[in-house]
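Below you'll find the structure, written out as structure tokens, and then a few comments.
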Amino acid sequence: MSQIYTELPIRIKEMAEGDEEFRLELTNAIFNGLIELKEKYTEGLLQHDVVKIQQIRHKVKPTLSMFDLNLLTESLSKGKEILENKGFSEEFKLHFEDFSQKVEQAIKEVEMLIRMN
Numbered sequence: 012m013s014q015i016y017t018e019l020p021i022r023i024k025e026m027a028e029g030d031e032e033f034r035l036e037l038t039n040a041i042f043n044g045l046i047e048l049k050e051k052y053t054e055g056l057l058q059h060d061v062v063k064i065q066q067i068r069h070k071v072k073p074t075l076s077m078f079d080l081n082l083l084t085e086s087l088s089k090g091k092e093i094l095e096n097k098g099f100s101e102e103f104k105l106h107f108e109d110f111s112q113k114v115e116q117a118i119k120e121v122e123m124l125i126r127m128n
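Numbering (the working numbering), first residue to last: 12 to 128.
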């Protein structure tokens, strides 16, 4: 599997400052945040619940920025723009497919970091 989020392990290592236990906790926290993002974003789409999508986007945005998960950040920004201008349109459904691929990739890469321990 090729890595897209190549800066992620570097950022986690920098943040942990050599503390292996903290590095693992941090990696697990990122993993859980990505799982929650996927679940809540999906629920928001299925329920046509803009607020649910806004809340999860707001909750994970600092983590995504801090750990250079830029493709996901950009995808969420695009989704926000579509929702604000066109609502739950066909364009949002296409965006959701793109988002799903990106969040799945991030989850797989973080999971790989967890397994390496």
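Think of the CB as a built atom: it goes at the ideal place given N, C-alpha and C, for glycine as much as any other residue.
These numbers were taken from a predicted model, which means no experiment stands behind them.
**Study point:** Three-state secondary structure (DSSP) of E122
**Key:** helix
Check your understanding: Does the separation of the CB atoms of G90 and F99 fall below 8 Å?
Key -> no
Exercise for review: Work out the CA separation of S88 and I64 for me, nearest whole Å.
Suggested key: 11 Å
**Study point:** Which of helix, strand or coil DSSP assigns to D79
**Key:** coil
**Study point:** Own chain residues within Cβ distance below 8 Å of R22, not counting five before or after
**Key:** M77, F78 and D79
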